[in-house]
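The opening position of the sequence shown corresponds to residue 25 in the working numbering, with each subsequent residue numbered one higher. Accompanying notes for the structure given below.
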Amino acid sequence: MKKTERDVKAILKRFDAMAYNLWWSWNPRAQAIFEEFSPLTWEATNHNPIAVRKQFSETELRARLGDEDFLARLMSVLDSFEAYMDYKPRFPNINGGKRIHDPIAYFCAEFGIHECLPFYSGGLGVLAGDHVKSASDLGLPLVGVGLFYRHGYFQQHIDPNGHQQESYPTTDPSNIPVEIVADDSGKTLICTVTIGNSTVHFQGWRINVGRCQIYLLDTDVPENEEHYRGLTAGAYGGDINTRIRQEIVLGIGGVRFLRALGIQPAVFHMNEGHAAFLTLELLREQISKGVPKTKAKQLVRDQCIFTTHTPVPAGHDRFPGDLIEFTLKPFADWMKISIKELMRFGQTISTEDSAEFIMTVLGLKLSRAANAVSEKHSDISRLMWIDLFPGLKSKKVPIGHVTNGVHIPSWTLQRSWEFWERHNSHRWKSHLCDPKFWQHVTNPKIVSDEELWALRYELRRELIEFLRSRAQQQHTFGGPTGEDALYRLLSFDSLTIGFARRFAPYKRALLLFNDIVRAQELFDDPHRPIQIVYAGKSHPRDNEGKDYLKQVINMTRQHPFFGKVVFIENYDMNVARHLIAGCDVWLNTPRRPLEASGTSGQKISINGGLHLSILDGWWNEAYNGKNGWAIGEKVKDSLTPEEIDRRDAESLYQVLSNDVIPLFYQRDKNGIPRKWIEKMRNAMRSIIPIYNTHRMVEEYTTKYYYAKK
Ligand SMILES: *Cc1c(COP(=O)(O)O)cnc(C)c1O
Numbered sequence: 025m026k027k028t029e030r031d032v033k034a035i036l037k038r039f040d041a042m043a044y045n046l047w048w049s050w051n052p053r054a055q056a057i058f059e060e061f062s063p064l065t066w067e068a069t070n071h072n073p074i075a076v077r078k079q080f081s082e083t084e085l086r087a088r089l090g091d092e093d094f095l096a097r098l099m100s101v102l103d104s105f106e107a108y109m110d111y112k113p114r115f116p117n118i119n120g121g122k123r124i125h126d127p128i129a130y131f132c133a134e135f136g137i138h139e140c141l142p143f144y145s146g147g148l149g150v151l152a153g154d155h156v157k158s159a160s161d162l163g164l165p166l167v168g169v170g171l172f173y174r175h176g177y178f179q180q181h182i183d184p185n186g187h188q189q190e191s192y193p194t195t196d197p198s199n200i201p202v203e204i205v206a207d208d209s210g211k212t213l214i215c216t217v218t219i220g221n222s223t224v225h226f227q228g229w230r231i232n233v234g235r236c237q238i239y240l241l242d243t244d245v246p247e248n249e250e251h252y253r254g255l256t257a258g259a260y261g262g263d264i265n266t267r268i269r270q271e272i273v274l275g276i277g278g279v280r281f282l283r284a285l286g287i288q289p290a291v292f293h294m295n296e297g298h299a300a301f302l303t304l305e306l307l308r309e310q311i312s313k314g315v316p317k318t319k320a321k322q323l324v325r326d327q328c329i330f331t332t333h334t335p336v337p338a339g340h341d342r343f344p345g346d347l348i349e350f351t352l353k354p355f356a357d358w359m360k361i362s363i364k365e366l367m368r369f370g371q372t373i374s375t376e377d378s379a380e381f382i383m384t385v386l387g388l389k390l391s392r393a394a395n396a397v398s399e400k401h402s403d404i405s406r407l408m409w410i411d412l413f414p415g416l417k418s419k420k421v422p423i424g425h426v427t428n429g430v431h432i433p434s435w436t437l438q439r440s441w442e443f444w445e446r447h448n449s450h451r452w453k454s455h456l457c458d459p460k461f462w463q464h465v466t467n468p469k470i471v472s473d474e475e476l477w478a479l480r481y482e483l484r485r486e487l488i489e490f491l492r493s494r495a496q497q498q499h500t501f502g503g504p505t506g507e508d509a510l511y512r513l514l515s516f517d518s519l520t521i522g523f524a525r526r527f528a529p530y531k532r533a534l535l536l537f538n539d540i541v542r543a544q545e546l547f548d549d550p551h552r553p554i555q556i557v558y559a560g561k562s563h564p565r566d567n568e569g570k571d572y573l574k575q576v577i578n579m580t581r582q583h584p585f586f587g588k589v590v591f592i593e594n595y596d597m598n599v600a601r602h603l604i605a606g607c608d609v610w611l612n613t614p615r616r617p618l619e620a621s622g623t624s625g626q627k628i629s630i631n632g633g634l635h636l637s638i639l640d641g642w643w644n645e646a647y648n649g650k651n652g653w654a655i656g657e658k659v660k661d662s663l664t665p666e667e668i669d670r671r672d673a674e675s676l677y678q679v680l681s682n683d684v685i686p687l688f689y690q691r692d693k694n695g696i697p698r699k700w701i702e703k704m705r706n707a708m709r710s711i712i713p714i715y716n717t718h719r720m721v722e723e724y725t726t727k728y729y730y731a732k733k
């Protein structure tokens, strides 16, 4: 095949369209193409295709297309991308089977789509990113709205004393897969919000996520006073003054931005309270059209859905009344309502006198439906907000639940991806929610114990090699460093446990070390060796969390934990992907009932991992006695936190020494742990088809977005 000038230009155009669509983030073959172009840039930029794209010229591309094999692979990826974009699936069973036109507007303070886009801090963002990806796969029109954090969430380094250090590198938008949103004349689209006496301007960046888009709002425009240019720079970094202003841009600004684009959403979904000011803008729209207040409120409610994520009262955004008055007085005037009336939207009967405005209350009051993120979390949320529904018993409080999930293709490592394709061609991705399919493909006649065990070894090795190479850069790794790390850090044959999440005290990263003698015994057993890998950031102002992290770092430096208990810096989606695939067991030890759902444990099953967790959040629903292990008792305790920790730790030691470790090392004459693998199969069958975002988005769609009224 001879490439003409025109062909090369056309291929480049198709390549750019693909690189600027995060579709590639859940398609390993597309990622392999970027990597092949420039392995060094791909690795050094945390897998950023735009950085790679800037590394090669048209001349190089023309030359490399001379490699027929590469050309064929590139063409095949471009063809699948274009076929994906052209295919218009119909969302099943809603809207009378007709195509849905007006999109769902999904508002969230953070979006975790891929590690090269640092606009997330943790679970909430990753959930939002996975939600958008599944909406795209399912053909649900959806637009995300969030904020463009130029400094992102912080990068974490551990200093020689075990303290967390934070840095905030600046993101150059021209170097990442985002595009500025322009108006019809090609000029940057600028909208405004009023905050106190100031007019704040903002622009928007579009991220293409398959067939969906996310718009991230950014106040760094020349029209703004200097101090407002940095308003959207940091994620959750600032004080309440910054916070409320960011939330005004997100909620009120977000609605205006969509309107300016000509987008008329069918539903506004507030994912957590940060975006709840959007209801006020919708209300202002109605009132300014002359609709009477009561009717206007009803019209707003009809369009809005609210999801709460936090079972701790302190986790809900609250603003003092004078701050609300200062920032929103002109807005209230426009709406022709008093500040007092506006305050009411954020208050319950019992908080009326506190002069505090609670964003969750606003979201709940102006939504037609609300939900929590697991069954247990909805029980807690109903009790927490019962004041808002006078006269109702807690069971009747209208806060339902949609249990969280994960976007399985994004969390399937390339090796696992190839594994599933080998066994059932391309069908696994279109059968994600089909329990019969997973029952069938996990049958020993289809995948043998030997193949599953080989996969576990491949993934464990991949993780350990990744950790060893990181250890050479991370001088405070805890275990051996430098040359030694390459050969001695962790073992390829040991039972490998993973623990990665935000370092907040309630997550109890140190539960395993509650009784140090028991812990030493476990880690010192030469016949049945175990090892654990930790990762996670602590919020910059959470000193208790940082102290916790320091204690974990200390463990990594002591005998017998040295080289077997390791901490890897700077937890992000890339580190997460390695960990969830390479670990045999995923450990989760929150203090009940503080884990609303949790999702990291849902990412492991497709790669053959097993979950060992407190019965909280999603695991409280998913655990069936055969698909993993439970720690602690299900009953609610009225004990002191120390006593609860002691009991949960005791239970953890028991489960590890009596169940987990023996099962892993119980091998037949061919060295295969048959019973362990049986558990892997059970986990795949019971977890993959349910705890994924395809099921979750379908549930949101049928139960909430398009619920029969
Ligand atoms: C999945 C994920 C999380 C969420 O984990 P939880 O178990 O819900 O705490 C947080 N951070 C990253 C980077 C993730 O990939």
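Backbone N, C-alpha and C fix where the C-beta goes; we use that ideal spot for every residue, glycine too.
Check: residue i C-beta below 6 Å from any heavy atom of ligand 1
i              : result
threonine 256  : no
arginine 525   : yes
methionine 597 : yes
valine 150     : yes
serine 738     : As displayed, the chain neither begins before 25 nor continues past 733, which places residue 738 out of reach and without an answer.
glycine 146    : yes
alanine 559    : no
alanine 600    : yes
Between the CA atoms of residue j and residue i - distance to the nearest angstrom
i                 : j                 : result
leucine 390       : glutamine 270     : 20 Å
asparagine 538    : arginine 532      : 10 Å
glutamate 296     : threonine 427     : 14 Å
isoleucine 363    : phenylalanine 381 : 11 Å
glycine 560       : tyrosine 239      : 28 Å
alanine 56        : threonine 65      : 13 Å
histidine 293     : aspartate 91      : 48 Å
phenylalanine 490 : histidine 602     : 8 Å
phenylalanine 586 : proline 344       : 48 Å
glycine 234       : asparagine 694    : 45 Å
histidine 340     : methionine 408    : 11 Å
serine 405        : valine 324        : 23 Å
glycine 136       : leucine 535       : 28 Å
glycine 210       : lysine 588        : 57 Å
valine 590        : serine 191        : 22 Å
valine 169        : aspartate 208     : 20 Å
histidine 125     : threonine 216     : 27 Å
isoleucine 35     : serine 100        : 12 Å
threonine 256     : glutamate 134     : 12 Å
alanine 605       : glycine 220       : 49 Å
Per-residue burial, residue i [other beta carbons within 10 Å of its own, 16 or more giving buried]
i              : result
lysine 699     : exposed
tyrosine 252   : buried
alanine 206    : exposed
valine 336     : exposed
alanine 68     : exposed
proline 246    : exposed
isoleucine 373 : exposed
tyrosine 7     : Examination of residue 7 is not possible in this model, given that the chain is present from 25 through 733 alone.
arginine 616   : buried
arginine 705   : buried
arginine 565   : exposed
valine 541     : exposed
aspartate 154  : buried
Cβ separation of residue i and residue j, assumed to be a contact under 8 Å, to the nearest whole Å
i              : j            : result
leucine 241    : leucine 171  : 6 Å
methionine 359 : arginine 308 : 5 Å
tyrosine 715   : valine 430   : 7 Å
cysteine 328   : arginine 392 : 6 Å
valine 291     : tyrosine 595 : At roughly 33 Å, the Cβ-Cβ gap does not stay under 8 Å, so valine 291 and tyrosine 595 are not in contact.
- Just checking, does the stretch 451-458 make contact with the stretch 649-668 on the three C-beta pairs under 8 Å criterion? no
- Are three or more beta carbon pairs between the stretch 156-167 and the stretch 623-633 nearer than 8 Å? The stretch 156-167, when compared against the stretch 623-633, does not touch it at the 8 Å Cβ threshold.
- Three or more beta-carbon pairs under 8 Å between the stretch 559-576 and the stretch 518-535, yes or no? yes
- Item | At least 3 beta-carbon pairs within less than 8 Å: the stretch 549-557 vs the stretch 631-646 | no
- Is the stretch 702-716 close to the stretch 460-467, with three or more CB pairs under 8 Å? yes
- Query: Using 8 Å as the Cβ pair cut-off and three pairs as the minimum, do the stretch 469-484 and the stretch 628-635 touch?
  - Reply: yes
- Between the stretch 102-114 and the stretch 185-199, do at least 3 Cβ pairs fall closer than 8 Å? no
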